[in-house]
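K.L.:
Residue 233 in this note's numbering is what sits at position 233 of the sequence shown, and the numbering runs on without skipping anything.
Ideal Cβ placement from N, Cα and C applies to all residues, glycine included.
Just dropping this structure here.
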Amino acid sequence: MLFTELRFLPFFLLVFAVHWSLRSPRLRKSWLLLTSWAFYAAWDWRFLSLIWVSTLVDYVAGLKISGLPDGLQRKWWLRASLLANLGILGFFKYFNFFVTSGAELFSWLGLDPSPTTLAIILPVGISFFTFQTMSYSLDIYYGKLKPTRSLLDLALFVGFFPQLVAGPIVRAADFLPQLAAPRKWAKVGARGALLLFLSGFIKKACLSDNLAPIADAYFENPEAWTATAAWTGILAYSAQIYCDFSGYSDMAIACAALLGYRLCLNFNFPYLATDIRDFWRRWHISLSTWLRDYLYIPLGGSHGTRLFTYRNLFLTMLLGGLWHGAAWTFVVWGALHGGALVLQREWSRLTSPQWKISQLVSLLSPILTFWFVCLCWIFFRSSSFSDAWMSVRAFALFESFGDAQFGSPILWAFPALLLIHILSRWTTVDGRLRNTPDWILAMGLGVAFALALAFTRADFQPFIYFQF
């Protein structure tokens, strides 16, 4: 069930109406949990068991870690949590990847392996809810969080449907206290949430879905296009993935807000970043902070020698790339970002403060950052290294490989980036809505939604990040 599908509307209206009609906090939470599980079951009910296992393991592990003195037993319960979650994630997402990669390595060594792969279906959202449950046990282990004794609260933290299948990756320290506090209806907050949902819908259904055919046409056969068409296809995908993922995040945050809950910001104008470090402060914020807190810092962070810090940065981004998909192209994507972060740190160390604030650097840095991010998206989207290398040559060296050009849809690729920025600004006007009459706001939202529907495709495209 997609947020952009018509069947989501009656589902959410039912959830919303019953939720606010119930007076008992426990009944409200139980209702939200049951409907969240139903929402996930609409994808494939068989994989609900994975959410239940992950929830139960971390519920028990959290209580045991908190109740035991410092020592080996606490580590064993933490390892049980990590093993269960990473085992689920590793089997369903990476089993075939490691089997085929191992077979290729043996073939390169002159052996003749006969690998056995399995027809494994990737459960939707598995990378998100496993990371979310692991962070709960890790926070308890490091003394940042006290465990909840309510299995209902933890189950809702893991399974809350707005963020279940594609984030944001919520922290227990942010969400569990909201479950303990009474929920109150706030009309002004609801107005802002409706506007945010509309903004997300436009990003996804109007922009991303219409940019998808341009990007798909190019990446399915990059050798057929001219260099100009290659630039168009690559920029179209850069706009598509941002509209797709940030649009989903906007709608998820809005749905949660309409139910009285606050989710974390996940995007903050990433294509306006001034450097690659700034980009990762703005792009998929919930993942980048997760990688920082639970991977980069435990590896040692920036404590130690310069080379040690660079190693930690690079490994973090390498694994971040692998988190996105079980393919070597994703690993290379992560390696490129990791290498860029290392080079930026070294450049900052070697250059003078006067150089960093010069007008030339201020002008060129955002442009070069955006160009580099688009270059990296080539590996993220390409199905093979040969296709990726062909696209890199077209994008970086302006080489043409074919004669094909895009038709009128080319007009979508470039204005979309400007429109994205304008739409994002809509989400900051919540305070201005306070004195707007309800009927004016309702009519305005209705007209805007009708206009948005006029630009949507008949076939709604799945969200890109559902595959992760």
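State whether the stretch 193–206 contacts the stretch 287–306, with contact taken as three or more CB pairs (one from each stretch) at a distance under 8 Å.
P.N.:
The stretch 193–206, when compared against the stretch 287–306, does not touch it at the 8 Å Cβ threshold.
K.L.:
Out of G247, N268, W231, T309, point me to the one whose CA is closest to W371's CA.
P.N.:
Selected option, being the one with the closest Cα: W231.
K.L.:
By the DSSP assignment, the alpha helix (DSSP H) with F267 in it spans what residues?
P.N.:
F267 -> no alpha helix (DSSP H), and no H or E assigned at all.
K.L.:
Confirm, please, whether the CB-CB distance from L78 to S137 is below 8 Å.
P.N.:
Cβ distance < 8 Å, so S137 and L78 count as in contact.
K.L.:
Indicate whether the contact test is met: 3 or more Cβ pairs, each with one atom in the stretch 231–248 and one in the stretch 211–218, closer than 8 Å.
P.N.:
Verdict: yes, contact present.
K.L.:
If you compare alpha carbons, which of L89, R149, L154, I65 is closest to Y142?
P.N.:
Among L89, R149, L154, I65, the Cα nearest to that of Y142 is on I65.
K.L.:
Could you give the distance in angstroms between the alpha-carbon of W472 and the alpha-carbon of A227?
P.N.:
Residue 472 is absent from the structure shown; the chain starts at 1 and stops at 468.
K.L.:
Leaving out five residues on either side along the sequence, give the residues of the same chain with a beta carbon under 6 Å from the beta carbon of W333.
P.N.:
Only G321, C376, F379, F380 meet the Cβ criterion.
K.L.:
Kindly indicate which residue of F279, D244, S348, A327 has the alpha-carbon position closest to the one of L2.
P.N.:
If we check each option's Cα against that of L2, D244 comes out closest.
K.L.:
Mind checking W76: buried by the 16 CB within 10 Å criterion, or exposed?
P.N.:
Classification for W76: exposed.
K.L.:
Alpha carbon to alpha carbon, what distance is there between L350 and V361?
P.N.:
C-alpha separation (whole angstroms): 15 Å.
K.L.:
Please confirm whether N96 and I120 have their CB atoms less than 8 Å apart.
P.N.:
Going by C-beta atoms, N96 is nearer than 8 Å to I120.
K.L.:
Within 10 Å of its beta-carbon, does H303 have 16 or more other beta-carbons around it, so buried, or fewer, so exposed?
P.N.:
Looking at its Cβ environment, which holds fewer than 16 other Cβ atoms inside 10 Å, H303 is exposed.
K.L.:
Can you tell me whether R23 is helix, strand or coil according to DSSP?
P.N.:
In the structure shown, R23 sits in coil (DSSP, three-state: anything other than H, G, I, E or B).
K.L.:
With distances taken from CA atoms, which of L151, A172, L164, G125 is nearest L145?
P.N.:
Comparing Cα-Cα distances from L145 to each of L151, A172, L164, G125, the minimum goes to A172.
K.L.:
Can you tell me whether P10 is buried or exposed? The criterion is at least 16 other CB atoms within 10 Å of its CB, across all chains shown.
P.N.:
Exposed is the call here.
K.L.:
What do you get for K184, buried or exposed, if any count of 16 or more other CB atoms within 10 angstroms of its CB means buried?
P.N.:
The residue in question, K184, is exposed, as its Cβ has fewer than 16 Cβ neighbours within 10 Å.
K.L.:
May I have the straight-line CA-CA distance separating L13 from H284, to the nearest angstrom?
P.N.:
So the two alpha carbons sit approximately 28 Å from each other.
K.L.:
Ends of the alpha helix (DSSP H) at E346?
P.N.:
Residues 328–350.
K.L.:
Under 8 Å between the Cβ atoms of F161 and Y40?
P.N.:
Cβ distance < 8 Å, so F161 and Y40 count as in contact.
K.L.:
Can you tell me which of the three DSSP states V15 falls into?
P.N.:
Helix.
K.L.:
Is the CB of F372 under 8 Å away from at least one CB in chain D?
P.N.:
The chain labelled as chain D is not found in the depicted structure, where only one protein chain is given.
K.L.:
Just to confirm, are S81 and A103 a CB contact at a threshold of 8 Å?
P.N.:
Not closer than 8 Å, so no.
K.L.:
So Y59 is in the alpha helix (DSSP H); what residue range does that whole segment cover?
P.N.:
Y59 -> alpha helix (DSSP H) spans 48–67.
K.L.:
Could you pull the start and end residues of the alpha helix (DSSP H) that T130 belongs to?
P.N.:
Its alpha helix (DSSP H) spans residues 126–141.
K.L.:
Quick check: W463 and Y248, are their CB atoms within less than 8 Å of each other?
P.N.:
Reading off the sequence shown, one finds Phe at residue 463, where the question assumed Trp. A contact, by the Cβ cut-off of 8 Å.
K.L.:
Leaving out five residues on either side along the sequence, give the residues of the same chain with a beta carbon under 7 Å from the beta carbon of R277.
P.N.:
Closer than 7 Å at the Cβ level, and outside the excluded window around R277, lie L341, Q344.
K.L.:
What do you get for S386, buried or exposed, if any count of 16 or more other CB atoms within 10 angstroms of its CB means buried?
P.N.:
S386 is exposed by the Cβ-count criterion.
K.L.:
To the nearest angstrom, how far is it from the Cα of L152 to the Cα of W225?
P.N.:
Rounded to whole angstroms, L152 to W225 spans 54 Å at the Cα level.
K.L.:
For the alpha helix (DSSP H) that W185 lies in, which residues bound it at each end?
P.N.:
Looking at the DSSP string, W185 is not in any alpha helix (DSSP H), and its letter there is neither H nor E.
K.L.:
For W37 and V165, I'd like the C-alpha separation in whole angstroms.
P.N.:
Approximately 11 Å, taken between the alpha carbons.
K.L.:
Helix or strand or just coil, what does DSSP make of H324?
P.N.:
Note: H324 maps to helix in three-state DSSP.
K.L.:
Determine the closest residue to S400 out of E223, Q132, P69, with distance taken between C-alpha atoms.
P.N.:
Ranking E223, Q132, P69 by Cα distance to S400 puts E223 first.
K.L.:
Which residues in the same chain as L258 place their Cβ atom closer than 7 Å to its Cβ, once the five residues preceding and following it in sequence are excluded?
P.N.:
Closer than 7 Å at Cβ, skipping near neighbours: F16, A190, A193.
K.L.:
Is it right to say I126 is buried, meaning 16 or more other beta carbons lie within 10 angstroms of its own, or is it exposed?
P.N.:
Burial call: buried.
K.L.:
Please state if the CB of S365 and the CB of T274 are separated by a distance shorter than 8 Å.
P.N.:
Yes, the Cβ-Cβ distance between T274 and S365 is below 8 Å.
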